[in-house]
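*Asks:* Take this structure first; my questions come after.
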Amino acid sequence: MLAVIRIILLAIFLVLISIYACIFSLLRPFHRNNVYHAAHILGKLSKLLGITLEIRLPYEMEKHEPVVYVCNHQNSYDLFTVANAVQPHTVSIGKKSLKWIPFFGQMYWLTGNILIDRKNTNKAMNTIATAADKMKEKKLSVWLFPEGTRSYGRGLLKFKTGAFRTAVQADAPIVPVCASNTHGEVNLNRWNNGKMIIEFLPPVYLTDTDKENIRALADRVRASMLEKINEISTEVGTKLPNHDAEK
1 MLAVIRIILL AIFLVLISIY ACIFSLLRPF HRNNVYHAAH ILGKLSKLLG
51 ITLEIRLPYE MEKHEPVVYV CNHQNSYDLF TVANAVQPHT VSIGKKSLKW
101 IPFFGQMYWL TGNILIDRKN TNKAMNTIAT AADKMKEKKL SVWLFPEGTR
151 SYGRGLLKFK TGAFRTAVQA DAPIVPVCAS NTHGEVNLNR WNNGKMIIEF
201 LPPVYLTDTD KENIRALADR VRASMLEKIN EISTEVGTKL PNHDAEK
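Counting from 1, one number per residue, gives the positions in the sequence shown under UniProt numbering.
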């Protein structure tokens, strides 16, 4: 019964927040903090899920902006949990199909996020170039999930290189963002679903070698994130699946 109530409330609040975000985005179009504002309102719904959040940002982010944030993507609950970690002056890059989701899709687009057509390589590369230009011109940071999809308990999936190509083209540092495991830990029929830690790792400033070998850069960042994800997951009493999902 609690699960049903939660699902209904989440759906209602998601629609209301989406409508509100669309309205304030139309009133202040292209504002650099539209996404940040909408994300942190959505993030308040993590309390409805019974999840206690701890965001660890051990340095002043503004000193490093603009940056490319790369974060692990576990499940649909990220919309209400990871959203709390979105920083000011940040937009995300998401798949083009998101815009067809009623209410949420329109909110996602109007707040200023960037949509990418993953099925069309040429268009995807053009989007990366456009994102890099926006980063340089408007001092915007971008947030990406380099796994390209939700992992659903399969561990940290192999990273795609789009986020890292964006960083190279924008000549911006990469900031890994690590979220502790929530797969199998959220029970909508339970009041308290434990604690989740989201921790920012130190910025990775790109060397000439990194720019020449993007695949190696992506693999190195992934390895550092996997280590931290396992560490903070153990801290809150959860852990990733035993296998290391490289496939």
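Glycine residues also receive a C-beta, built at the ideal position from the N, C-alpha and C atoms.
Tell me, which residues are paired with Leu53 by DSSP?
*Replies:* According to DSSP, Leu53 bridges with Met196.
*Asks:* Scan the UniProt domain "Phospholipid/glycerol acyltransferase" (67-182) and note each continuous beta strand (DSSP E) run of 3 residues or more that stays entirely inside, going in chain order.
*Replies:* Here the runs fully enclosed are 68-71, 90-95, 114-116, 141-144, 174-179.
*Asks:* Ends of the alpha helix (DSSP H) at Phe13?
*Replies:* Per DSSP, Phe13 belongs to the alpha helix (DSSP H) from 2-27.
*Asks:* Can you tell me which of Val204, Glu137, Ile116 puts its alpha carbon nearest to the alpha carbon of Gly162?
*Replies:* For the residues Val204, Glu137, Ile116, the minimum Cα distance to Gly162 belongs to Ile116.
*Asks:* Helix, strand or coil for residue 252? Go by DSSP, reduced to three states.
*Replies:* Outside the shown range of the chain (1 to 247) lies residue 252, about which nothing can therefore be said.
*Asks:* Just checking, does the region 17-36 make contact with the region 62-76 on the three C-beta pairs under 8 Å criterion?
*Replies:* With the cut-off at 8 Å, the region 17-36 and the region 62-76 do not touch.
*Asks:* Assign Ala223 to one of two classes, buried (16 or more other C-beta atoms within 10 Å of its C-beta) or exposed (fewer than that).
*Replies:* With fewer than 16 other Cβ atoms within 10 Å, it is exposed.
*Asks:* From what residue to what residue does the alpha helix (DSSP H) around Gly43 run?
*Replies:* Element bounds for Gly43: 34-43.
*Asks:* Which class does Val221 belong to by DSSP, given the choice of helix, strand or coil?
*Replies:* Residue state, collapsed to three classes: helix.
*Asks:* Does the beta-carbon distance from Phe13 to Ala85 come in below 9 Å?
*Replies:* No, Cβ-Cβ distance for Phe13 and Ala85 is not below 9 Å.
*Asks:* Could you check which residue in Ile198, Ala167, Lys47, His40 has the C-alpha nearest to that of Ile214?
*Replies:* Nearest C-alpha to Ile214: Ala167.
*Asks:* According to the Cβ coordinates, are Val68 and Ala172 closer than 9 Å?
*Replies:* For Val68 and Ala172, yes; Cβs fall inside 9 Å.
*Asks:* What residues in its chain sit with their C-beta under 6 Å from that of Ala83, if we drop five residues either side in the sequence?
*Replies:* Counting only Cβ-Cβ distances below 6 Å, and skipping sequence neighbours, we find Ala39, Leu42, Gly43.
*Asks:* Between which two residues does the alpha helix (DSSP H) harbouring Lys211 extend?
*Replies:* It spans 208-212 - the alpha helix (DSSP H) in which Lys211 sits, taken as one unbroken run.
*Asks:* Give the DSSP bridge partners of Val204, in chain order.
*Replies:* For Val204, which the question treats as bridged, DSSP gives the partners Ile174.
*Asks:* Taking the Cβ atom as the reference point for each residue, do Leu53 and Met225 lie within a distance shorter than 9 Å?
*Replies:* No, the Cβ-Cβ distance between Leu53 and Met225 is not below 9 Å.
*Asks:* Please confirm whether Asn72 and Glu147 have their CB atoms less than 9 Å apart.
*Replies:* In this structure, Glu147 lies closer than 9 Å to Asn72 by Cβ.
*Asks:* Taking the CB atoms as reference points, tell me whether Asp133 and Ala170 lie closer together than 9 Å.
*Replies:* It is a contact, given that the beta carbons lie within the stated cut-off.
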